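Asks:
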Amino acid sequence: MAVEIVMPRLSDSMEEGTVAKWLVDEGAQVAKGQPLVEIDTDKATMEYESESDGTLLQILVAEGETAAIGTPIARIGSPAERADAPEVSTPAPTPAAPQRPAAAPTPRGPRMNASPIAKRLAQELGVDLAQLRGTGPNGMITKEDVERAADGGAPAPAGDAPEPLSRVQRAIARHMIEAATVPTFAVEVEIDMTASSELRESLDPKPSFNDLVVKACALALRDHPRVNAAYSEQGFRYAAEINVGIAVAAEDALLVPVIRDADRKSLQDIRTEARELAEKARAGTLTPAELDGGTFTISNLGMHGVRRFEALLNTPQAAILAVGAVEPRPTVAESRELVVRPVMSATLVCDHRILYGAEAAVFLARVRELLEDPEPLEAPVQRP
């Protein structure tokens with residue numbers, strides 16, 4: 001008996017999804033666990049795997065079409081079953097999308113190393129991705145590569161029609177508007193990173209300054225659970241875990257993958273996981289689990305030479321830490337002599353409905369203390 005594949009819920013906030021690309025043709029055989037379709041969610045473009053073996057009898061939601069969670073998007077069954085057979089194992093409303101007749105499978109070429117936006121744009125503009133050399137991370141083909149190819153290799157001319165927003169961009173825009181309505185305040189400290197710099201140089205492989213900041217914040221959140229909480233109209237929600245999100249600039253999007261239980265991970269574990277998450281964010285291959293569940297966020301623009309900035313809250317989280325560059329600055333030593341040391345500015349932006357100035361200042365002071373005397377950051381991990 002045929003089985004209906006429904007639009008899955010791929011993130012906590014997802015209400016609908018858009019079929020970006022079918023990875024299997026109608027009439028083709030599929031195996032359980034095989035990538036079936038790419039779906040645009042409110043957070044990223046994600047692959048959804050088939051949950052059963054069989055033949056893809058019918059595609060109900062075409063590429064580019066949007067459907068609510070739970071809406072049937074395809075049917076899988078035995079080859080003997082007709083594509084328009086009415087009997088299915090999961091009763092659900094039929095979508096308004098037009099029925100498509102079964103078609104003979106067509107061979108697919110190798111998967112292209114291209115971002116989801118680049119793939120869609122190439123299809124719209126008739127650009128052959130196989131002829132392009134990507135300029136993105138690990139040679140990934142980007143939207144700009146496709147635009148240059150479509151324009152004969154020249155930069156896209158000014159004054160073109162506005163580029164339509166992707167689902168991720170629309171979700172980010174809504175989230176930013178929501179964050180802008182929250183009453184916030186900011187507190188800032190300058191941190192002497194001399195000891196942290198020495199710790200980095202002593203370790204192999206070497207962690208980044210941001211890895212040290214993640215671990216320092218995770219340990220500080222243990223002592224200040226209100227900073228790890230979230231606001232709701234029903235009251236404050238204290239998180240049982242310390243899950244630190246790291247803001248990553250992906251193509252045409254800002255994603256925040258999450259390092260779960262960061263307080264219970266070693267500095268080297270954080271280093272490895274942070275790099276893997278950042279690479280997956282830029283390649284568009286993050287999973288729902290890697291984007292959900294954050295309780296605190298760190299945004300770092302230090303690699304761009306930014307000294308200080310204030311970040312927008314990642315609501316409903318209580319706070320976000322904006323980290324600037326580690327750079328040599330004149331500093332007054334304990335001996336009152338003027339010396340040059342590596343200094344980093346850190347700005348904590350807080351939801352004033354849940355955090356107050358004194359609480360924020362004490363938390364940020366603890367983060368500074370851990371980075372200026374970082375021995376606890378490399379101490380053996382205490383796992384409850």
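Quick note on the working numbering: the sequence shown kicks off at 1 and runs consecutively.
Ideal placement from N, C-alpha and C gives every residue a C-beta, glycine not left out.
If you're wondering where the values come from, they're calculated on a predicted model, not measured in any experiment.
By DSSP, does Asp292 sit in helix, in strand, or in coil?
Replies: Coil.
Asks: So the candidates are Pro330, Val332, Gln123, Ile320; which of them puts its Cα closest to the Cα of Val227?
Replies: Among Pro330, Val332, Gln123, Ile320, the Cα nearest to that of Val227 is on Ile320.
Asks: On the premise that Ser208 lies in contact with Leu371, defined as a C-beta separation below 8 Å, what is that separation, rounded to the nearest angstrom?
Replies: With 8 Å as the limit, Leu371 and Ser208 do not qualify as a contact, their Cβ atoms being about 13 Å apart.
Asks: Quick check for students: name the residue ranges of the beta strand (DSSP E) that lie wholly in the stretch 239–303, counting only runs of 3 or more.
Replies: DSSP runs (the beta strand (DSSP E)) wholly in the stretch 239–303: 244–246, 248–250, 253–255, 296–300.
Asks: Once DSSP output is grouped into helix, strand and coil, what is the label at Thr106?
Replies: At Thr106, the pLDDT of 39 sits below 50, so the modelled position is not reliable; the number obtained from the coordinates is stated separately. Correct three-state label for Thr106: coil.
Asks: With DSSP as the reference, label Gln131 as helix, strand or coil.
Replies: In the structure shown, Gln131 sits in a helix (DSSP, three-state: H, G or I).
Asks: When we look at the beta-carbon of Arg271 and count the other beta-carbons within 10 Å, is it buried (16 or more) or exposed?
Replies: Buried: at least 16 other Cβ atoms inside 10 Å.
Asks: If you follow the beta strand (DSSP E) that Phe236 is part of, which residue opens it and which one closes it?
Replies: It is not in any beta strand (DSSP E) - Phe236 carries neither H nor E in the DSSP assignment.
Asks: Would you kindly work out how many angstroms separate the C-alpha atoms of Ser50 and Ala278, rounded to a whole number?
Replies: Straight-line Cα distance between these residues: approximately 26 Å.
Asks: When DSSP labels each residue in this structure, what does Ala173 get in the three-state scheme?
Replies: If DSSP states are grouped into helix, strand and coil, Ala173 belongs with the helices.
Asks: Just the Cα atoms here: how many angstroms apart are His224 and Ala216?
Replies: Each residue's alpha carbon lies about 12 Å from the other.
Asks: Would you mind working out which of Leu132, Glu16, Ala80 sits nearest Ala28, comparing C-alpha positions?
Replies: Closest by alpha carbon: Ala80.
Asks: Mind checking who Ile345 pairs with in its DSSP beta bridge?
Replies: Correcting the residue identity first, residue 345 is Ser in this sequence and not Ile. In the DSSP output, where bridge partners are listed per residue, Ser345 has Glu190.
Asks: Measure the C-alpha to C-alpha separation of Glu190 and Thr181 and round it to an integer number of angstroms.
Replies: Cα to Cα, the separation comes out at about 28 Å.
Asks: Nearest CA to the CA of Leu286: which residue from Val3, Pro342, Glu47, Arg368?
Replies: Closest option to Leu286, Cα to Cα, is Glu47.
Asks: At which residues does the beta strand (DSSP E) containing Asp40 begin and terminate?
Replies: Unbroken beta strand (DSSP E) run through Asp40: 35–40.
Asks: Would you check if the distance between the CB atom of Glu26 and the CB atom of Leu57 is smaller than 9 Å?
Replies: Cβ atoms of Glu26 and Leu57: closer than 9 Å.
Asks: So, using beta-carbon positions, are His175 and Asn300 closer together than 9 Å?
Replies: No; because the gap between Cβ atoms is not below 9 Å, this pair is not in contact.
Asks: Output the distance between the C-alpha atoms of Thr41 and Met14, rounded to the nearest integer angstrom.
Replies: Going by the C-alpha atoms only, they are around 6 Å apart.
Asks: Starting from Val306, trace the alpha helix (DSSP H) in both directions and tell me its first and last residue.
Replies: Unbroken run through Val306: none, as it is neither H nor E.
Asks: What distance in whole Å lies between the Cβ atoms of Ala346 and Glu188, which are believed to be in contact at a cut-off of 8 Å?
Replies: Correct: roughly 7 Å between the Cβ atoms.
Asks: With respect to the alpha helix (DSSP H) encompassing Lys215, which residues constitute its N-terminal and C-terminal limits?
Replies: From DSSP, the alpha helix (DSSP H) with Lys215 extends over 209–223.
Asks: Anyone know if the C-beta pair for Val349 and Ala289 falls short of 9 Å?
Replies: In this structure, Ala289 does not lie closer than 9 Å to Val349 by Cβ.
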